[in-house]
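What follows is a short report on a single structure.
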Amino acid sequence: MKKNIKPKIAVFPVAGMGTRFLPATKASPKEMLPIVDKPLIQYAVEEAIDAGIEIMVFITGRNKTSIQNHFDKAYEIETELERKKKMKELDLIKNIIPSNIKCIYIRQHQPLGLGHAVLCAKPAVGDNPFAVILADDMILSSEEGCLSQMVNKYEVINSSILAVEKVKTENLNKYGVIDGHKNKDNDWELVNIVEKPNKEDAPSDMGVVGRYILKPSIFDILEDTVQGLGGEIQLTDAIARQIDIEKVYAYEFKGKRFDCGNKLDFLKASIEYGLNHEELSKELKNYLKSLDI
Ligand code: UTP
Numbered sequence: 001m002k003k004n005i006k007p008k009i010a011v012f013p014v015a016g017m018g019t020r021f022l023p024a025t026k027a028s029p030k031e032m033l034p035i036v037d038k039p040l041i042q043y044a045v046e047e048a049i050d051a052g053i054e055i056m057v058f059i060t061g062r063n064k065t066s067i068q069n070h071f072d073k074a075y076e077i078e079t080e081l082e083r084k085k086k087m088k089e090l091d092l093i094k095n096i097i098p099s100n101i102k103c104i105y106i107r108q109h110q111p112l113g114l115g116h117a118v119l120c121a122k123p124a125v126g127d128n129p130f131a132v133i134l135a136d137d138m139i140l141s142s143e144e145g146c147l148s149q150m151v152n153k154y155e156v157i158n159s160s161i162l163a164v165e166k167v168k169t170e171n172l173n174k175y176g177v178i179d180g181h182k183n184k185d186n187d188w189e190l191v192n193i194v195e196k197p198n199k200e201d202a203p204s205d206m207g208v209v210g211r212y213i214l215k216p217s218i219f220d221i222l223e224d225t226v227q228g229l230g231g232e233i234q235l236t237d238a239i240a241r242q243i244d245i246e247k248v249y250a251y252e253f254k255g256k257r258f259d260c261g262n263k264l265d266f267l268k269a270s271i272e273y274g275l276n277h278e279e280l281s282k283e284l285k286n287y288l289k290s291l292d293i
C-alpha cells in the first residue's frame with residue numbers, strides 16, 4: 001500500500017498568558033519552566049524530532065526571547081565551557097537542536113486564542129499537513145512518543161488527527177470534548193467537538209490534549225472563525241467545521257500526560273521525570289520513601 005506524506009512541520013503555540021502559573025510566568029513564557037533539567041519546550045521539540053519533524057514553527061508572544069535564545073547558539077557560555085574543558089556540559093547545550101532542523105519564529109501580537117495562534121503559522125506551513133504541539137502538555141511514554149504514534153496513524157488515514165484521553169466527568173469543562181464513534185482500528189471518527197462543555201452537555205468523556213496533526217484546510221476555516229468561548233478564536237471551533245467537510249479522527253495515545261500549565265500536574269511531572277532520570281532516580285526514590293507523609 002502506498003504511504004501518505006508524513007508531516008514535516010510542527011507548530012508550537014507559546015504565546016499564551018500562563019495566568020495559572022503566575023508569578024513564575026510574569027516575565028518568561030510557561031514553556032520555559034523546567035522539568036528536572038530541561039524546559040518544557042525542549043521536551044516538546046525532542047518529541048517532534050523523534051516523530052520526523054524537520055521544521056519547527058514557534059508562535060511567540062511578548063516574552064519570546066528566552067525561547068529563541070534557548071534554541072540558538074550561545075557563544076559566550078560555549079566559549080567559556082570550552083576554555084574550562086567542560087565537554088559534557090558543552091555537549092548538553094550545543095546539541096539541543098540537530099543541524100538539519102530549521103526553526104522559524106512568528107509573533108502573535110495579541111493573545112487572541114489558540115486558533116489565532118495556529119493561524120499565525122499559515123505563511124510558514126502553506127499547503128502542507130502539520131503537527132501542533134502544546135508544550136505544557138507533557139506526555140511520558142515508555143516506547144514511542146505521542147507524536148510519533150500519531151504520525152504513524154496519519155500515514156495510513158491521511159486526515160486530521162487529535163490526541164484524546166479519558167477525562168473525569170468533573171473536569172470535562174476544561175477540555176475540548178469529542179463526539180463520534182470508534183472504528184475497527186479503535187480510533188474515533190468524529191462527528192463533532194465542543195469546547196469546554198458543561199458536564200451535562202458533554203458528548204463523551206474523551207478530552208482533547210495538546211497534540212494535533214492537521215490538514216492545511218484548517219487555515220481557511222480559521223480565517224473565517226469568529227471569537228468563541230472566552231472571546232478567543234478557538235481551534236476547537238475551527239476543527240468542528242473541518243469535521244463537516246472532511247474526515248477527522250481522534251486517537252487515544254499510549255502514555256501518561258501531565259498538564260504542566262497546572263501547578264499540581266507540574267509537580268507530579270517533575271517527580272515522575274525525576275524518577276526516570278538516570279542520575280537522580282535512586283536518590284529521589286529514597287528521598288520520597290523517607291518522607292513521613
Ligand atoms: P492555555 O489555554 O493553556 O492558556 O493555552 P495560557 O494562556 O497558556 O495559560 P493559562 O490558562 O492562562 O494559565 C494553550 C496553549 O495555547 C497557547 C499557549 O501558549 C498554550 O501553549 N496560546 C494560547 C497561544 O499561543 N496564544 C494564545 O492566544 C492563547
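For the record, in the sequence shown the residue sitting at position 195 is 195 according to our numbering, with numbers rising by one throughout. We put the CB at the ideal spot given by N, CA and C, even for glycine.
In the structure shown, Pro216 falls within a coil segment according to DSSP collapsed to helix, strand and coil. If you draw a 10 Å sphere on the C-beta of Asp237, you find 16 or more other C-beta atoms in it, and that means buried. As summarised for the stretch 61-113, the continuous alpha helix (DSSP H) elements at least 4 residues long and confined to that stretch are 65-71, 75-83, 87-94, given in chain order.
Within the same chain, Cβ atoms closer than 6 angstroms to the Cβ of Ile139 are found at Cys146, Gly255, Arg257, the five residues on either side in sequence being excluded. With a cut-off of 8 angstroms, the C-beta of Thr19 is classified as near the ligand UTP, since at least one heavy atom of the ligand falls inside that distance.
In terms of CA proximity to Lys30, Phe21 leads the group His181, Lys38, Val36, Phe21.
Residue environment analysis places Ser99 among the exposed positions, since fewer than 16 neighbouring C-beta atoms fall within 10 angstroms of its C-beta. In this structure, the straight-line span from the alpha carbon of Asn69 to that of Asp187 is close to 39 angstroms. Rounded to whole angstroms, the separation of the alpha carbons of Lys196 and Tyr175 is 5 angstroms. Look at Asn192 here: in three-state DSSP terms it is strand. Within its own chain, the residues whose Cβ lies closer than 8 angstroms to the Cβ of Gly274, once the five positions on either side in sequence are excluded, are Val36, Leu280, Ser281, Leu284, listed in chain order. Under the three-state reduction of DSSP, Met150 is assigned to helix. Around the beta-carbon of Tyr251, 16 or more other beta-carbon atoms lie within 10 Å, marking it buried. Counting the other Cβ atoms within 10 Å of the Cβ of Ser159 gives 16 or more, which makes it buried.
A distance below 7 angstroms between beta-carbons, with the five flanking residues on each side excluded, links Gly261 to the following residues of its chain, in chain order: Gly18, Arg20, Phe21, Lys30, Asp136. Ser160: member of the beta strand (DSSP E) spanning 160-166, first to last residue. Under the DSSP assignment, Phe266 falls in the alpha helix (DSSP H) whose first and last residues are 263-275. Rounded to the nearest angstrom, the Cβ distance from Leu112 to Ile233 is 5 angstroms, consistent with a contact under 8 angstroms. It is roughly 12 angstroms from the alpha-carbon of Thr60 to the alpha-carbon of Met32. Val36: not part of any beta strand (DSSP E); DSSP gives it neither H nor E. For Gln108, the CB falls within less than 8 angstroms of some heavy atom of the ligand UTP.
Assignment of Glu232 by DSSP, reduced to helix, strand and coil, places it in the coil class. Here the C-alpha atom of Phe219 lies approximately 16 angstroms from the C-alpha atom of Ile106.
Tyr287: member of the alpha helix (DSSP H) spanning 281-290, first to last residue. Look at Leu134: its beta carbon is less than 8 angstroms from one of the heavy atoms in the ligand UTP. With fewer than 16 other beta carbons inside 10 angstroms of its own, Lys166 counts as exposed. Ile93 is positioned such that its CB atom lies no closer than 9 angstroms to that of Ile67.
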